[in-house]
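Residues 7 to 473 (our numbering) make up the sequence shown, in order. Ideal Cβ placement from N, Cα and C applies to all residues, glycine included. Quantities reported herein were computed from a predicted structural model and do not represent experimental measurements. The structure under discussion appears below in the form of structure tokens.
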Amino acid sequence: MKKGEVREGIVRKTVFPAKGLVEVDGKWVAVKDALPGQRVRFSIAKMRGGRAEGRLLEVLCPAPLESRDSVCPHFGICGGCVYQTLPYEEQLRLKQEQVRELLQPVLGDVPMEPILASPSRDGYRNKMEFSFGDEVKGGRLSLGMHKKGSFYDIITVDGCRIADQDFTAILTATRDYFEAAGISFYQKMRHTGYLRHLLVRKAAKTGQILVSLVTSSQAEGDGALLQGWRDGLLALPLAGSLAGILHTVNDSLADVIRNDRTEILYGEDSFCEELLGLSFRITPFSFFQTNSLGAEVLYEKVREYVGSVRGKVVFDLYSGTGTIAQVLAAVAEQVVGVEIVEEAVAAARENAVRNGLANCRFLAGDVLKVLDELTEKPDLIVLDPPREGVHPKALPKILAYGVERIVYISCKPTSLARDLAAFLAVGYRVCSVCAVDMFPGTAGVEVVCLLSKLKSAQHIEIKVRMI
């Protein structure tokens, strides 16, 4: 095989995240977004250390279980929902097998629990970040997601299946309004233009909606223009209710949503969501699980793994807006949350007051540094790190506490597998593992893992057996 060479073959299996394995000349080629059972045509994109990666060019023959009935009209174009043509039961089976295979070296003979399904399979996303642009150079204004494999082209995803239907109405009204007004979108390479992003959030329980138009500060929009957009949204027949309409200015050169300043055009700059009987204030930039009903399934499993913490001190590291900390605070003596995003910490503190929880303390800062400043000693640690996992320099500090139990929540199983090896090396063992499908139709999956500290004698015995 050579780089750039075009080959064909049948996908024998998939590995996380959604990489189909095709055998070529006695070697496996990992082809992104290829499904088991498909016959595909692909080009060799990378050759590294005896391993090859392929770029999918065409599906020559679909997999036996695939169906194109009722799929999203943007399927295969925006590149988000690679599993949407598969029955949901098959999606769950694939994710379960991928996680089991990844974690097998650290699981040993510990069986995985059956994967937990999402309560909703369509319209489950409570947050969407849409981008302004054009689908083809010089074409009409688009508002939606990046075209698969493109940094520039934007697809108007007005038929997205995983977004709430109110999002579609808001997206369409916004795109049509600014297109009719002849307003330009921000061009990333030239750093010129006005319209950048549209951020929409909706609470699953209360139905409240928060909309933020993100623009540059370049003087193309004025008060009348923004008021016209606001009035158009207020006139929409939505299933939910608009809690706030905001204008956010972002002059960052990076293609990310950043808040330089925000003006409230209508209502408030936040809304309330309910989760497991608790109330949480959500701002445009708060971290909150994107599947609210799925989050309840996830946190119920976390609560089960945590078990009894009455009279104990719990550290919730990478605590976000303090959701897990507050779920546990009702039965713990004290919960200490650590989170690097200051806005999330402020929201966590406010939410704790809202829920009448006086035994929560939230600290802003990097886990790596804050652990050096804490005087409390935890009885149990909950870890919910970002996708890249726990910082390698923070791991020894966490392990040094020697707590009997650790609950690790991961949104990227490959990072979990790497981190678990460090825990096993110092005498922890995996007691329970459960995958939770928070992202139907996509390759994403959450995993909850319970670890317990082996007593010295047990640790020595296992080391002897391994030798």
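- In this structure, the straight-line span from the alpha carbon of S292 to that of N357 is close to 12 Å.
- An exposed status is given to I270, since fewer than 16 other beta-carbon atoms sit within 10 Å of its beta-carbon.
- Burial state of V12 is exposed, judged by a 10 Å Cβ sphere holding fewer than 16 other Cβ atoms.
- In the three-state reduction of the DSSP assignment, S222 falls in the coil class.
- When DSSP reads this structure, S49 sits in a beta bridge with V12 and R61.
- Within its own chain, the residues whose Cβ lies closer than 6 Å to the Cβ of Y89, once the five positions on either side in sequence are excluded, are Q97 and G447, listed in chain order.
- When DSSP states are grouped into helix, strand and coil, Y158 belongs to the coil group.
- Between the alpha carbons of L66 and A40 lies a gap of roughly 11 Å.
- Taking R287 as the centre and dropping the five residues before and after it, the same chain places the C-beta of S276, C278, A353, E356, N357 and R360 closer than 7 Å to its C-beta, in chain order.
- Under DSSP, F191 shares a beta bridge with L201.
- In the DSSP annotation of this structure, the continuous segment of the beta strand (DSSP E) that includes F286 starts and ends at L284 to I288.
- By the Cβ criterion, the region 312-326 is in contact with the region 381-401, since at least three pairs of Cβ atoms, one from each stretch, lie closer than 8 Å.
- Sequence-distant partners of K19 (beyond 5 residues in either direction) whose C-beta falls short of 7 Å from its own C-beta, in its chain, are L27 and P42.
- The region 449-460 and the region 128-138 do not touch, with fewer than 3 CB-CB distances between them shorter than 8 Å.
- Annotation for K403: the continuous alpha helix (DSSP H) segment containing it runs L401 to A406.
- Excluding its 5 nearest sequence neighbours in each direction, S126 has C-beta neighbours in its own chain below 6 Å: L299, listed in chain order.
- Taking C-beta separations shorter than 6 Å and ignoring five residues to either side along the sequence, the partners of L426 in its chain run V112, following chain order.
- If you check the CB distance, S458 and R424 do not come in under 7 Å.
- Here DSSP, grouped into helix, strand and coil, assigns V347 to coil.
- Spatial neighbours of S49 in its own chain (CB-CB distance under 8 Å, excluding positions within 5 residues in sequence) are listed in chain order as G10, E11, V12, R13, G60, R61 and L63.
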